[in-house]
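The next block holds one structure in the form of structure tokens; read it before the comments.
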């Protein structure tokens, strides 16, 4: 009996995630809970119940729920800007780079529906205001990246006002992208963020 009990205890100990693993598990579970269309505000109690741990266990890894959302935003930032920077650094025509940037952003949201709700702000409505500010900054950074490659394109096409052209088009494209994301989330993820994307971008650009 004692031996069996010892084996059970060892098994439980082995299965316990390392601190870094538990942190990732918490963020993955939060993102998955956000994927439910029309999901209400997620409480730490609901998140803890989903993970089958206590709320105190959550706070051993994150000081607050806002910090959990910041973890999701950090993942969004790192994922998108790794791709955007790679595209920007490539040789090629600036307009094509802009199209590629918008495509990878919208493809990312299709694959990560819970994170799409964070990006449009739905999941942040009742959370700390700094989270929405950080998402606003993310889109400003994306617009800046678009502006850079579009200025290259305007210069390549010998525009006499490359900066003005790039500012106008990058503004239009970021609004288009945010609109696509809003429609995707508002439809309960039924309206694809990338449907007829190439045709739409050809009209805009």
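Residue numbers (this note's numbering): 18 to 222.
Where a beta carbon is used, it is the ideal one built from N, C-alpha and C, also for glycine.
DSSP three-state label for residue 63, please.
It is helical.
Within its chain, find whatever has a CB closer than 7 Å to the CB of residue 214; leave out the 5 residues flanking it on each side and keep chain order.
120 and 123
Beta-carbon separation of residue 135 and residue 202 under 7 Å?
no
Among 47, 85 and 180, which one has its Cα closest to the Cα of residue 161?
Closest option to residue 161, Cα to Cα, is 180.
To the nearest whole angstrom, what separates the beta carbons of residue 189 and residue 111, a pair I think is in contact under 8 Å?
The pair is not a contact, with the Cβ atoms about 15 Å apart (cut-off 8 Å).
Inspect the CB distances between the stretch 95-106 and the stretch 65-73 and report whether three or more fall short of 8 Å.
no
Rounded to whole angstroms, how far is the Cβ of residue 107 from the Cβ of residue 78, which I believe are closer than 8 Å?
Residue 107 to residue 78, Cβ: 38 Å. No contact.
Which residue from 129, 221 and 144 puts its Cα closest to that of residue 209?
Ranking 129, 221 and 144 by Cα distance to residue 209 puts 129 first.
If I measure Cβ to Cβ from residue 168 and keep anything under 8 Å in the same chain, skipping five residues before and after, which residues do I get?
111, 179, 180, 182 and 183
Hey, how far is the Cα of residue 133 from the Cα of residue 177?
38 Å
Could you check if residue 178 belongs to the surroundings of the ligand ADP, using beta carbon to heavy atom distance under 6 Å?
Questions concerning the ligand ADP fall outside what the structure shown contains, since it holds no ligand whatsoever.
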